[in-house]
Amino acid sequence: MLSMLKLLTNVIISVVIALWIGAIAIFSIQNITAVSLNFLLWESIKLPIGVLLSFCVGGGFIIGSLLPFLLQPSKRKQKRPLRSSMNDMSDFDFDN
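In this text, residue positions in the sequence shown follow the numbering used here: the first is 373, and each later residue adds one.
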């Protein structure tokens, strides 16, 4: 059952990525006008908007896949073991 859910998750992710790539391709074909980005005093070279969008989506995929590894809690900060919390439960009366 678990492998079936993993397969379904992989299929859904693949379909979403394929739809994004298809949408970018259609958008790129319909908008071939060259644009440049301006930020403060910096101006980029002129690129078709579809190419620029592809770079942005690709960068987002890369950053999104690396972020979980960078934001993992450190192994030094582990929760206290379950046994110590079980010893704390001995204070309660469960014989009712």
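Backbone N, C-alpha and C define an ideal beta-carbon position, used for all residues, glycine too.
In this structure, the alpha-carbon of residue 419 lies about 43 angstroms from that of residue 376. The beta carbons of residue 415 and residue 426 sit no closer together than 8 angstroms. In this structure, 397 is the residue among 443, 433, 397 with its C-alpha nearest to the C-alpha of residue 421.
Annotation for residue 401: the continuous alpha helix (DSSP H) segment containing it runs 374 to 402.
With contacts defined by Cβ atoms closer than 8 angstroms, residue 392 and residue 423 do not form a contacting pair. According to DSSP, residue pairing for residue 420 in a beta bridge involves 406.
Note on geometry: alpha-carbon atoms of residue 442 and residue 432 lie some 15 angstroms from one another.
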